[in-house]
Amino acid sequence: MGKMQKDSGKSSKKWIVLLLVVLAAALAAAVIFFVKGRTEKAVFSVDGQPVYREEVACVVNKIKLHQREKIAEKAGIDISEFTWDTEVEGKNGYEYLADAVAAEMKAIKTMQKEAMDNGLADAIDYPSLIKAMEKENKDRKEKKGNNETVFGMTQYTADQFYDYFNENLSLQNKRELINKEELTASDEEARAVYDADPDYFDNEDYENIETSAKNLVLENKYQEHLKEMAEAAVVEIPDQMALTQAVKDAIEGK
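Position 48 (the sequence shown) corresponds to 42 in this note's numbering; numbering is contiguous.
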């Protein structure tokens, strides 16, 4: 009887060990699948920074109306006749939009990277931004529930938060470059901007708008700086068709 109990105990332990091994293997497989799934969502990169399908959708939603007008004009047709299947010089609307997305992402990603290098962001990858959005939405919901003042949106969508994050990050980045004196505005530059277009300043006397003129010089220099960084960026698109499909899916709301 004692031997049978011992054998039964050993058998139970073996089954428990085997079950733990199977569970560990299943967990490892799930983690690999999850990580692989996230990685596969990156459809191209800018200077090594991944651009995810969801980011493509955010940018598509931001630029699609302007791009429709540009492509329709290029095709020589009225905007009412335009569809994304419209072909111009061997490319359809989706393909032109994919090119525009890649160009827009060059500007976004190079700005994000510089801001992160300047210590203004801990992470700039899309999954991290979504986590930040979820936290922001939670904080705003709690503030509203406590009758505290909430400025701006009560709850952000992914598109809204993506724009909000990048606009604020770019403003911080510009201030940082000004503080580091990498962007400067001399009296001569400010005066030249004023003299070139007094109407812009409502024809106010220069002495009254000198600060505004210098701010305009700084803004123009910052935009030129962003343009130069974007132009120098290296875009790697492993599968052009995958990018075009991501653009098409965004247009169709998939």
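C-beta atoms are modelled at their ideal positions from N, C-alpha and C, and glycine is treated no differently.
| Item | Value |
| --- | --- |
| Rounded to the nearest angstrom, what separates ALA226 and PHE38 at their Cα positions? | 16 Å |
| Cα separation between ASP119 and PRO44? | 7 Å |
| Just grab the DSSP bridge partners of PHE38 for me. | VAL45 |
| Could you name the residues of the same chain whose beta carbon sits closer than 7 Å to that of ALA236, not counting the 5 residues immediately before and after it, in chain order? | VAL37 |
| Going by alpha carbons, who is nearest to TYR90 out of LYS100, GLU49, MET99, TRP78? | TRP78 |
| For ALA117, count neighbouring Cβ atoms within 10 angstroms of its own Cβ and tell me buried if that reaches 16, exposed if not. | exposed |
| Would the beta-carbon of VAL95 fall within 8 Å of that of VAL53? | yes |
| Where does VAL82 fall in DSSP's three states? | strand |
| Suppose the cutoff is 6 Å on Cβ atoms and the five residues either side in sequence are ignored; what does the same chain contact list for ALA240 look like? | VAL37, ARG47, VAL50 |
| Is LEU212 closer than 8 Å to ALA101 when the C-beta atoms are compared? | no |
| Of the choices GLU222, ARG185, ASN197, whose alpha-carbon is the least far from that of THR205? | ARG185 |
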